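Data block below; observations after.
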Amino acid sequence: MFVDQVKIYVKGGDGGNGMVAFRREKYVPKGGPAGGDGGKGGDVVFVVDEGLRTLMDFRYQRHFKAAKGENGMSKNQHGRNAEDLIVKVPPGTVVIDDETKQVIADLTENGQRFVVAKGGRGGRGNTRFATPANPAPEIAENGEPGEERYVILELKLLADVGLVGFPSVGKSTLLSVVSAAKPKIADYHFTTLVPNLGVVETEDGRSFVMADLPGLIEGAHQGVGLGHQFLRHIERTRVIVHVIDMAAIEGRDPYEDYLVINEELKQYNLRLTERPQIIVANKMDMPNAEENLKAFKEKLQEDVPIFPISAITRQGLRDLLFAIADLLETTPEFPLHEVEEPAVQRVVYKLEKEAPAFTITRDSDGTFIVSGEKVEKLFKMTDFSREESIRRFARQLRAMGVDDALRERGAKDGDIVKLLDYEFEFID
Ligand SMILES: Nc1nc2c(ncn2[C@@H]2O[C@H](COP(=O)(O)OP(=O)(O)OP(=O)(O)O)[C@@H](O)[C@H]2O)c(=O)[nH]1
Ligand SMILES: [Mg+2]
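Be aware that the sequence shown starts at 1, since it is given in full-length UniProt numbering, and climbs by one per residue.
And the structure:
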């Protein structure tokens, strides 16, 4: 199976917890605070590895969690930072945030890195909470939770040239005679279900990657036939080779075919029309082909080069390949997404939208439920085994306005308030 889209879960490592500790010194009954900070959790990092060609490996492993930072230690020793979790991806991987459906990275260059889930920072040890008023605090922070998210990985083939055309016009046959690729060839429609890639070498030693794409039909951009899931592979190609059955074996008019396919490309993405095209008039070994070609040339208005060939008898291939190689040399790469900066690192960073610090809802039994990313993070960073930490947490909630908001929603003394798996009483 050809896997070209997969949804995975990534989570950065949590930060290590801060430590509560005190110095032990001779003659000093209780020395100053000496609890170290926790280490940083590992990031989950995508790294492009040009040895990979597919997203196949992600079929079996879809969860990637980086390690937690080490906890802080006594004598003010920091916990060690955790190592990053490196996840290899093939060139051509587009990373999409599953929630927002935004493209967050477009990974094309070998070795390119993208931090997809940041590890949390280490919690502070009690040394950091010392103040003149409280020189020996019994308080430490838990580590910050690592970022977590679902992302969709999409593989866009990195072919230089894409073969497009109706089913059965001979696209796979052409690829099979100009490269070592062995695509399936047959006289029924949609023989090719997934794109095939082949490396083509011209007689004068130039080479390029050619993709044989599933056949297109009218309405493809709306999902008819194999639809636009394959049209997106054309987006990466610099040159489009438009294959036409000039023998009109199925009774369609070759020029009509040409118009229909171009319309599909245009409907799918206007920018595809910016790609230079080469027309391949295939099946020239058949009777009528010569006549059809003449009529085709008369109707053709654009200045697009036409190469008459027969994939089966291998006629006309040499000149065609030279023309493709020439065109590739003069055609720049096309940026894929409008949002992309023309920077070397094609990683797109987006401002995260500011989520509300907390929201309050009510359970069917009347319990108040406080939720929200920010408040939950504070919760996770609180060490509930220590009185002082709990008091600090209560102060933080008050400062965020949680108490006021609960009061506004009608909370009274003694009402139950829930935050994650923690229940507490509202005290006015
Ligand atoms: N006579 C003749 N037949 C050809 C030529 N090229 C391909 N064919 C035949 O056309 C049929 C379809 O060929 P394919 O290469 O599978 O066509 P395709 O465009 O890849 O088709 P799909 O994968 O279904 O989109 C096969 O029966 C081929 O043998 C040619 O140059 N001359
Ligand atoms: Mg085919």
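All C-beta atoms in this analysis are idealised placements derived from N, C-alpha and C, irrespective of residue type, glycine included.
From a predicted model like this one, the values you see are computed outputs, not experimental measurements.
| Check | Outcome |
| --- | --- |
| Same chain only: Cβ atoms within 6 Å of Met-1, ignoring 5 sequence neighbours per side | For Met-1, the predicted model reports a pLDDT of 35, less than 50, meaning its position is unreliable and no value from the coordinates is stated. |
| Straight-line Cα distance separating Asp-257 from His-221 | 15 Å |
| Cβ neighbours of Asp-49 in the same chain (closer than 6 Å, five flanking residues each side left out) | Lys-88 |
| Helix, strand or coil at Phe-58 [DSSP, three-state] | helix |
| Closer than 6 Å: Ser-172 CB and nearest ligand 2 heavy atom | yes |
| Beta-carbon gap between Leu-213 and Ala-311 smaller than 7 Å | no |
| Lys-377 (DSSP reduced to helix, strand or coil) | helix |
| Cα-Cα separation, Val-344 to Leu-85 | Note on Val-344: pLDDT 37, under 50, position unreliable in the model; no value is reported. |
| Beta-bridge partners of Ser-310, as assigned by DSSP | Gln-315 |
| Nearest-angstrom Cβ-Cβ length linking Leu-406 and Phe-358, presumed shorter than 8 Å | Actually they are not in contact, since the Cβ atoms of Leu-406 and Phe-358 sit about 10 Å apart, beyond 8 Å. |
| Contacts around Arg-409, its chain only, beta-carbon distance under 8 Å, and the 5 residues preceding and following it disregarded | Ile-360, Arg-362 and Phe-368 |
| Residue range of the unbroken beta strand (DSSP E) whose run includes Ile-244 | 239-245 |
| Start and end residues, alpha helix (DSSP H) containing Val-402 | 402-408 |
| For residue 439, the three-state DSSP class (helix, strand or coil) | Since the displayed the chain opens at 1 and closes at 428, residue 439 lies outside it and no answer follows. |
| C-alpha gap between Asp-415 and Val-10, whole angstroms | 37 Å |
| beta-carbon Val-47 near ligand 3 non-hydrogen atom, thresh 6 Å | In the structure on display, ligand 3 does not appear, and the ligands it does have are ligand 1 and ligand 2. |
| Span separating the alpha-carbon of Gln-61 from that of Val-6 | 11 Å |
| Beta-bridge partners of Arg-53, as assigned by DSSP | Its beta-bridge partners do not exist; DSSP assigns none. |
| Supposed contact pair Gly-36 and Gly-125 - C-beta distance, whole angstroms, cut 8 Å | 5 Å |
| Per-residue DSSP class, three states only, for residue 445 | Examination of residue 445 is not possible in this model, given that the chain is present from 1 through 428 alone. |
| DSSP bridge partner residues for Ser-371 (one or two, in chain order) | Thr-359 |
| Cut-off 6 Å between Cβ atoms - residues of its own chain near Glu-154, not counting five sequence neighbours on either side | Gln-5 and Val-94 |
| Which of helix, strand or coil DSSP assigns to Gly-188 | Residue identity differs from the one stated: residue 188 is Tyr in this sequence, not Gly. Coil at Tyr-188, not helix or strand. |
| Neighbour-count burial assignment, Lys-266, 16 or more Cβ in a 10 Å radius | exposed |
| The segment 204-213 contacting the segment 128-136, beta-carbon criterion three pairs below 8 Å | no |
| beta-carbon Thr-191 near ligand 2 non-hydrogen atom, thresh 6 Å | yes |
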